[in-house]
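The block underneath contains the structure these notes are about, expressed in structure tokens.
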Amino acid sequence: MADDASDIEPNKPASDGSGYRVLARKYRPKDFSDLMVGQEPMVRTLTNAFETGRIAQAYMLTGVRGVGKTTTARILARGLNYKTDTVDKPTIDLKELGEHCQAIMDGRHVDVIEMDAASHTGIDDIREIIDQVRYRPSTARYKVYIIDEVHMLSTQAFNGLLKTLEEPPEHVKFIFATTEIRKVPITVLSRCQRFDLRRIPAADLVRLYSTIAAKEGVTIEDEALSMIARAAEGSARDGMSLLDQAISHGNGHVEASAVRGMLGLADRARIVDLFGHVVRGDVKAALEEFLAQYESGANPVVVLNDLADFTHLVTRLKYVPEGADDVSLSEIERTKGREFAESVAVSALSRIWQMLLKGIPETENAARPYGAAEMVLIRLTHAAHLPSPEDAARRLLALESGEAQTPPSRPSATSPQNGGNGGGTSARAVSASATGEQASRPSATVTMLRPQTSETPQPEPGEAAPVEVEPAPEPAAASAPEPPKTSAIKSLQDITDLCSKHRAPLIRAQIRNFVRLVRLEPGRLEVNLEDGASQTFLNELGTKLREWTGESWFVSLSREKGEATLVEAETAARDKLFRDAREDPEVASILKFFPGARITDVRVRAEETETAEGGADGLPDAAVNEDGDVLPEDDLDD
């Protein structure tokens, strides 16, 4: 946007308001030097192209609203048609007004045609352009067509424009502008030089608005400028509209409090205080601070958004400390941001950020935004006391590996260390092992007291009552800790054997046909399932394994392919047996000698040692026929 507007008279008050122009129009850039604010790469490219004469036939300007797409198109059209008494060629040096400059900037030049594609979307509008491009310009050097919001054109309109866009007459230039570059067909983009207009940094906007305020004779606080620049979100036009509104609201003197109320923002200092309460987990202080901001007029959604912005700032300062030098930041944001960046862990900041991203849409859509925002703050402060995911994972691993240390047992309430005594009263039997905590510690000392009866000798006056102590019976299970169980399951075959033993044929059939083993460890089974397995199969298998083995089993589904199923493995083994039999020289000679003979069974006799132990299936020998059936033991000698 414009850095120098000395040639424009300040706005003068008019009784009818007819002489007033809004700031966004009054300080609109007029040449490439004004565009240097935030758009340096585009200006540099166009400068080099004009100096070398490499002028394209079509340009595509894209960017968010208010960054200057239409203004850039007009400046580009002015540079293409620039002509003075001394200069008669396309140039970017537009220091003085040429013959066509003012008419082009006002949008009324006959050879610079501006069209809004939002209201001219059809093929008929494009046909009109195609019919007119063959005629040379009336007075200017080039006939320039500026089509704004070009993504609104229909598919037929885009297709009708392609040929002309690829090979336009030498005297025609096209300039397109759009905020939705992804909706423009790639066939159109490939025929244009594309320029992405960047969001203008907040620091540049602060300097721009400060210059404009000085030219308008308005005093404005630095914090108010920062709030307007942040609210503009990189759009110079949006920020100028807010500045115009703030000047009218403050009647020539703009204060931060007035801008805060105008935008519905919370005080940045109070947002920092709220963030401090959240990271400390102080629920009461956080809710009180939020209530105070709400009563002062802050929007609950805006408060959460500002809290998210400050969370992002603190996280960024952890890795980019020089980011605190941004002029759009207030002094408390700089100082407190650095302090929190040094003291708050990244895991905590990430957790706050994620919870805010989820809580902000909830608050926006809630029937009671204030209550929804309070619930978000309660969740945030509660999470401050929770361990980070890394700490929780380390603790879980320590518990699983048995590294967690058992806290020392507390001494009995009647032990001498606690100064316990009978007090001369008849006490009922008290057992320190009655609590579940000490009952779980077999090594803890247990003291049992017997109630006093009439036969119990009474103590003399002033003498402590005797306490008769007898050791508590130690449970058998606590006498020696049971060693950890080691699973006897080493393969899927072991699981199918358990199914046979416990008469679970359905589970056994599913294991054999649909289960591919991925990983098997004591207490952990990872598998991949073929199509056809029951949806509740894994839960049933885990339950049965815990029931059959007495151990805790975790059965999970993996994306890895895994090994072959048992049926596939048995089929492969049977095929190998038949293949080996056919390759045997003696068998091959028999098959050759007897035409029409075929192998129906393959029986493999194990070695004597394996015969004594039995095969994997519990048979002394393994024998199968072509159907894959195991032959009876009596048939092995036939």
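Note that the sequence shown covers residues 1 to 638 in full-length UniProt numbering. Positions of the beta carbon are idealized from the N, C-alpha and C atoms, including for glycine. Being a predicted model, the structure only gives us computed values, none of them experimental.
Where residue i sits in the DSSP three-state scheme
i: histidine 253; result: strand
i: glutamate 149; result: coil
i: serine 296; result: coil
i: phenylalanine 32; result: coil
i: lysine 95; result: coil
i: glutamate 437; result: With a pLDDT of 40 at glutamate 437, under the threshold of 50, the predicted position of this residue should be treated as unreliable, though the coordinate-derived value follows. It is helical.
i: aspartate 204; result: helix
i: serine 241; result: helix
i: serine 556; result: strand
i: threonine 496; result: helix
i: lysine 83; result: coil
i: residue 640; result: Past the boundaries of the shown model lies residue 640; the chain is included only from 1 to 638, so the question cannot be answered.
i: histidine 312; result: helix
i: aspartate 106; result: coil
i: isoleucine 511; result: helix
i: serine 412; result: Note that serine 412 scores a pLDDT of 41, beneath 50, so its modelled location is shaky; the value from the coordinates is reported in the next line. Three-state result, serine 412: coil.
i: leucine 161; result: helix
i: tyrosine 20; result: coil
i: serine 248; result: helix
i: arginine 598; result: coil
i: valine 320; result: coil
i: aspartate 306; result: helix
i: serine 138; result: coil
i: glutamate 390; result: helix
Bridge partner(s) assigned by DSSP for residue i
i: asparagine 528; result: Arg516
i: alanine 214; result: Answer by DSSP bridge pairing: none, since alanine 214 is not bridged.
i: threonine 219; result: His253
i: alanine 177; result: Leu61, Asp148
i: serine 534; result: Looking at the DSSP assignment, serine 534 forms no beta bridge with any residue, so it has no partner.
i: lysine 143; result: Val172
i: glutamate 521; result: Arg524
Limits of the unbroken alpha helix (DSSP H) element including residue i
i: serine 589; result: 585-593
i: leucine 225; result: 222-232
i: valine 272; result: 268-280
i: glutamate 167; result: Note, glutamate 167: premise wrong, no alpha helix (DSSP H); not H, not E.
i: arginine 379; result: 369-383
i: valine 346; result: 346-365
i: isoleucine 55; result: Per DSSP, isoleucine 55 belongs to no alpha helix (DSSP H) and is neither H nor E.
i: alanine 24; result: 23-26
i: threonine 187; result: 186-189
i: aspartate 124; result: 123-132
Distance CB(residue i)-CB(residue j) smaller than 8 Å
i: alanine 488; j: phenylalanine 514; result: no
i: methionine 105; j: arginine 74; result: yes
i: threonine 496; j: leucine 566; result: yes
i: residue 642; j: leucine 317; result: Examination of residue 642 is not possible in this model, given that the chain is present from 1 through 638 alone.
i: lysine 173; j: histidine 151; result: no
i: glutamate 333; j: valine 278; result: no
i: glutamate 530; j: arginine 516; result: yes
i: glycine 79; j: leucine 94; result: yes
i: proline 288; j: glutamate 255; result: The residue you asked about is not proline; residue 288 is glutamate in the sequence shown. Not in contact: glutamate 288 and glutamate 255 (Cβ atoms no closer than 8 Å).
i: leucine 538; j: isoleucine 511; result: no
i: tyrosine 209; j: leucine 263; result: no
i: methionine 60; j: arginine 194; result: yes
i: glycine 234; j: valine 64; result: yes
i: methionine 227; j: tyrosine 27; result: no
i: tyrosine 142; j: histidine 100; result: no
i: serine 154; j: threonine 121; result: yes
i: tyrosine 145; j: isoleucine 129; result: yes
i: glycine 98; j: lysine 83; result: yes
i: aspartate 34; j: alanine 202; result: no
i: leucine 205; j: alanine 236; result: yes
i: threonine 363; j: proline 300; result: yes
i: threonine 311; j: leucine 377; result: no
Range of the contiguous beta strand (DSSP E) that encloses residue i
i: residue 640; result: Only positions 1 to 638 of the chain appear in this structure, which leaves residue 640 out of reach.
i: serine 343; result: Careful: serine 343 lies outside any beta strand (DSSP E), inside the alpha helix (DSSP H) at 331-343.
i: aspartate 116; result: 112-116
i: aspartate 196; result: 193-196
i: aspartate 601; result: 601-604
Touching by the beta-carbon criterion (3+ pairs, under 8 Å), the stretch 21-38 and the stretch 172-183 = no
Meets three-Cβ-pair contact criterion under 8 Å: the stretch 197-213 and the stretch 150-168 = no
message = I want to know whether the stretch 109-122 touches the stretch 130-140 - three or more CB-CB distances under 8 Å.
response = yes
ask   = Touch check for the stretch 557-577 and the stretch 585-595: three-plus C-beta pairs under 8 Å?
value = no
query = Between the stretch 365-372 and the stretch 332-347, do three or more beta carbon pairs fall short of 8 Å?
reply = no
Stretch pair the stretch 285-302 + the stretch 370-379: three plus CB contacts closer than 8 Å = yes
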